[in-house]
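S.K.: Below you will find the structure I want to go over with you.
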Amino acid sequence: MAELVFFTGTMDCGKSTLALQMDHNHAARGRSGLIFSQHDRAGANRLSSRLGLATGAIEVGHDLDFWDVVVGRATAGLHVDYLICDEAQFYSAGQVDQLARVVDEMDIDVFAFGIASDFRTELFPGSKRLIELADRVEVLQVEALCWCGRRATVNARVIDGTMVVEGDQIVVGDVASAAAGVVEYEVLCRRHYMRRMTSHAARAASPAPLPFDLDIQPRG
């Protein structure tokens, strides 16, 4: 039976790489699939990974209806066995409902990949709905690491080197804007997220003093 599966984790945990690998594995067995993405780092109509792998994809705009796309393919005589849906956190709750309908009524597997929570640690609407509806939620086992070496669990937004916790939920990173400055993202452990301590802030901070005085006598 077809399933709706949500693969999730922080940035840098290999979600897009796994999406590309899954498409390759299914296609190698003669299955036909469609690939979708939104706000990919490589631009529109692309699914790319940080390892440099990439492929073409259908861009998911606000008005895209997954049910209509799949029905249109079927009406044209094109068989569809599965959907690969990357950056699914950006999808609307209604679009996730459409994906569930594709699974239930057309018996087509849907593999969705995305970040669960935003830079404020609040769930994205698409991720929230996927957690509510998915047959399975898989947390990826490749751990992204905070600058301190601990497991990273939070995606922090950094503007001009300073971590921020307010602003629009969706802002594409690594872009320059005269109004907002340079927007970047960094994965942090919870401890350093709560302390607003990014790798840049850690480098800029002076070493913490010892909680006691050292009285070291020279050896003669």
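Offset between the sequence shown (1-based) and my numbering: plus 973. The C-beta atom is built at its ideal place from N, Cα and C for all residues, glycine as well.
(1) For the region 977 to 1041, list the alpha helix (DSSP H) runs that are entirely contained and at least 4 residues long, ordered along the chain.
(2) Are there 16 or more other CB atoms within 10 angstroms of the CB of Ser-1005, so buried, or fewer, so exposed?
(3) Which complete alpha helix (DSSP H) runs does the region 1092 to 1149 hold, if anything under 4 residues is left out?
(4) How should Asp-1133 be labelled, buried or exposed, when 16 other C-beta atoms within 10 angstroms of its C-beta is the threshold for buried?
(5) Among Asp-1041, Arg-1123, Ala-1001, Val-1083, whose alpha-carbon lies nearest the alpha-carbon of Arg-1163?
(6) Look up Ala-1073 in the DSSP assignment and say whether it is helix, strand or coil.
(7) Looking at the secondary structure, which residues open and close the beta strand (DSSP E) in which Ala-1085 lies?
(8) Sort out for me which residues DSSP pairs Cys-1058 with in a bridge.
(9) Buried or exposed: where does Val-1067 fall if 16 or more other Cβ atoms within 10 Å of its Cβ makes it buried?
(10) Just to check, is the beta-carbon of Asp-996 closer than 8 Å to a non-hydrogen atom of the ligand ZN?
(11) Return helix, strand or coil for His-1165, following the three-state DSSP convention.
(12) Who are the Cβ neighbours of Arg-1093 in its own chain at under 7 Å, not counting the five residues just before and after it?
(13) So who's on the other strand from Ser-1090, going by DSSP bridges?
(14) Between the C-alpha atoms of Arg-1074 and Asp-996, what's the straight-line distance to the nearest angstrom?
(15) Do Glu-1060 and Val-1042 come within 9 Å of each other at the CB atom, strictly closer than that value?
(16) The alpha helix (DSSP H) that contains Ser-1065, what's its start and end?
(17) Is the CB-CB distance between Phe-1063 and Phe-980 below 9 Å?
M.R.: The structure says:
(1) 988 to 1001
(2) To locate residue 1005, count along the sequence shown from 1; it is residue 32. Exposed: under 16 other Cβ atoms inside 10 Å.
(3) 1098 to 1106
(4) In the sequence shown, residue 1133 corresponds to position 160, counting from 1. So Asp-1133 counts as exposed.
(5) The residue you call residue 1163 lines up with position 190 of the sequence shown. The shortest C-alpha separation from Arg-1163 is found at Arg-1123.
(6) As a working note, residue 1073 is residue 100 in the sequence shown. Three-state DSSP puts Ala-1073 in a helix.
(7) By 1-based counting over the sequence shown, the position of residue 1085 is 112. Here the beta strand (DSSP E) through Ala-1085 covers 1082 to 1087.
(8) In the sequence shown, counting from the first residue as 1, residue 1058 sits at position 85. Bridge partners of Cys-1058: Phe-1009, Ala-1085.
(9) In the sequence shown, residue 1067 corresponds to position 94, counting from 1. The sequence shown places Gly at residue 1067, rather than the Val named in the question. With fewer than 16 other Cβ atoms within 10 Å, it is exposed.
(10) Summarising the ligand content, the structure contains no ligands, and the ligand ZN is consequently not present.
(11) Position 192 of the sequence shown, counting from 1, holds the residue named residue 1165. In the structure shown, His-1165 sits in a helix (DSSP, three-state: H, G or I).
(12) On the sequence shown, residue 1093 is found 120 positions in, with the first residue counted as 1. If we look at Arg-1093 and ignore the five residues flanking it on each side, its Cβ neighbours are Val-1138.
(13) Here residue 1090 is taken as the residue at index 117 of the sequence shown, counted from 1. Partner(s): Leu-1096.
(14) Stepping through the sequence shown from its first residue, residue 1074 is reached at position 101. Stepping through the sequence shown from its first residue, residue 996 is reached at position 23. The alpha-carbon atoms of Arg-1074 and Asp-996 are separated by roughly 21 Å.
(15) The count along the sequence shown starts at 1 and reaches residue 1042 at position 69. The count along the sequence shown starts at 1 and reaches residue 1060 at position 87. Not a contact, by the Cβ cut-off of 9 Å.
(16) One-based indexing of the sequence shown puts residue 1065 at position 92. Careful: Ser-1065 lies outside any alpha helix (DSSP H) and carries neither H nor E.
(17) Residue 1063 sits at position 90 when you count from the first residue of the sequence shown. Residue 980 sits at position 7 when you count from the first residue of the sequence shown. Cβ atoms of Phe-1063 and Phe-980: not closer than 9 Å.
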